[in-house]
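Undergrad:
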Amino acid sequence: STCDRFKVINFVSQIDNNVIFNSNILDKYSKDQFFYLPNQFWFHKNHLTVFKAVKILLEKNINIKLLCSGVMKDFRNKDNYISNLLKYVSKNKLQENIIFLGIIPYEDVLGLIKKSIAVINPSFFEGWSSTVEESKSLDKTVILSDIPIHREQNPEKGIFFNPNNPDQLSVILNKLNDSPPVFDLDYKKIEKKLKNRTKVFADKYYEMFNDLT
102 STCDRFKVIN FVSQIDNNVI FNSNILDKYS KDQFFYLPNQ FWFHKNHLTV FKAVKILLEK
162 NINIKLLCSG VMKDFRNKDN YISNLLKYVS KNKLQENIIF LGIIPYEDVL GLIKKSIAVI
222 NPSFFEGWSS TVEESKSLDK TVILSDIPIH REQNPEKGIF FNPNNPDQLS VILNKLNDSP
282 PVFDLDYKKI EKKLKNRTKV FADKYYEMFN DLT
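Counting from 102, one number per residue, gives the positions in the sequence shown under the working numbering.
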């Protein structure tokens, strides 16, 4: 059948520990503990739900810090989405809580993933998310919109929320902010987990080509 002609191989992000565990990353971007949202500023990436969650906490006198990186342009220009996000932050006095970094070096993205309290991916829809795979390779807590693709990626340290429910997300953020996950600095353990996942990928890749012969 036609379906038998197709196979899906899901990639595994490879991580350079020499880059990731650079202690200077915190001096460069934030000396305070922070959450990290490294998505591009496209409408479906759903930054607004996260911003609303930060506002909900601020109204309860709970300050959290969110770093956002990514291209602040959307060629589709969905109803001035980006400018409306900036207005939302300004109107609700969230400038100290939500920091826009713009485009940063990829090694810094990985460093911020590792040093954050948790990574957030609030998207309404995704492909096979590289953010999730990078978090998995770094053995990192990741807060995810509860959509089928994120469930399929199944990160060991994944926490799921309704992408239309900032109240639910605010509870998750507050809990993690109060008791941040301990940084796992056991490089050998992280490396071993990554090698095991990479081997599974390699075996599937070999199997795919072997089936063609």
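For every residue, glycine included, the Cβ atom is placed at its ideal position computed from N, Cα and C.
Which residues in the same chain have their Cβ closer than 7 Å to the Cβ of Ile-46, if we skip the five residues on either side of it in sequence?
TA: Because residue 46 is not part of the residues shown, which for the chain are 102 to 314, the question remains open.
Undergrad: Assuming contact is defined by CB atoms lying nearer than 7 Å, are Pro-256 and Lys-237 in contact in what I supplied?
TA: As a position in the sequence shown, residue 256 is number 155, starting the count at 1. As a position in the sequence shown, residue 237 is number 136, starting the count at 1. In this structure, Lys-237 lies closer than 7 Å to Pro-256 by Cβ.
Undergrad: Here's the rule: buried if 16 or more other CB atoms are within 10 angstroms of the residue's CB, otherwise exposed. What is Glu-234?
TA: Position 133 of the sequence shown, counted from the start, is the residue given in the question as residue 234. When all chains shown are included, Glu-234 counts as buried.
Undergrad: Are Leu-168 and Ile-200 touching if we call contact CB-CB under 7 Å?
TA: Locating residue 168 in the sequence shown gives position 67, counting from the first residue. Locating residue 200 in the sequence shown gives position 99, counting from the first residue. Cβ atoms of Leu-168 and Ile-200: closer than 7 Å.
Undergrad: Whole angstroms are fine: how far does the CA of Asp-247 sit from the CA of Ile-273?
TA: Counting from 1 along the sequence shown, the entry for residue 273 is found at position 172. Counting from 1 along the sequence shown, the entry for residue 247 is found at position 146. When rounded, the distance between both Cα atoms is 13 Å.
Undergrad: At the level of alpha carbons, what is the spacing between Asn-222 and Thr-232?
TA: The count along the sequence shown starts at 1 and reaches residue 222 at position 121. The count along the sequence shown starts at 1 and reaches residue 232 at position 131. Each residue's alpha carbon lies about 7 Å from the other.
Undergrad: Where Asn-164 and Lys-294 are concerned, what is the direct C-alpha to C-alpha distance, given to the nearest angstrom?
TA: In the sequence shown, residue 164 corresponds to position 63, counting from 1. In the sequence shown, residue 294 corresponds to position 193, counting from 1. Near 34 Å, if we compare the C-alpha coordinates of Lys-294 and Asn-164.
Undergrad: Starting from Ser-231, follow the alpha helix (DSSP H) in both directions and report where the run begins and ends.
TA: Walking along the sequence shown from the start, residue 231 turns up at place 130. Unbroken alpha helix (DSSP H) run through Ser-231: 231 to 238.
Undergrad: Among the residues of its own chain, which have a CB less than 6 Å from the CB of Ile-250, if the five just before and after it don't count?
TA: Mapped onto the sequence shown, residue 250 falls at position 149. Within the same chain, Ile-250 has close Cβ partners Glu-227.
Undergrad: Which value, in whole angstroms, describes the spacing of the CA atoms of Leu-158 and Ile-183?
TA: Stepping through the sequence shown from its first residue, residue 158 is reached at position 57. Stepping through the sequence shown from its first residue, residue 183 is reached at position 82. Spanning the two alpha carbons is a distance of roughly 22 Å.
Undergrad: Are the CB atoms of Ile-126 and Gly-212 nearer to each other than 7 Å?
TA: Taking the first residue of the sequence shown as 1, we reach residue 126 at position 25. Taking the first residue of the sequence shown as 1, we reach residue 212 at position 111. Yes, the Cβ-Cβ distance between Ile-126 and Gly-212 is below 7 Å.
Undergrad: Reducing DSSP to helix, strand and coil, say where Asn-222 ends up.
TA: In the sequence shown, counting from the first residue as 1, residue 222 sits at position 121. Correct three-state label for Asn-222: strand.
Undergrad: Taking only the alpha-carbon atoms, compute the straight-line gap between Lys-216 and Phe-135 and give it to the nearest angstrom.
TA: Along the sequence shown, read from residue 1 onward, the residue named residue 216 stands at position 115. Along the sequence shown, read from residue 1 onward, the residue named residue 135 stands at position 34. Each residue's Cα considered, the two are about 8 Å apart.
Undergrad: If you scan the segment 129 to 184 from start to end, which runs of the alpha helix (DSSP H) of 4 or more residues do you find wholly inside it?
TA: Here the runs fully enclosed are 148 to 159.
Undergrad: Starting from Gly-203 and walking both ways along the beta strand (DSSP E), at which residues does that stretch end?
TA: As a first step, residue 203 must be located in the sequence shown, where it is residue number 102. Counting along the chain, the beta strand (DSSP E) containing Gly-203 begins and ends at 199 to 203.
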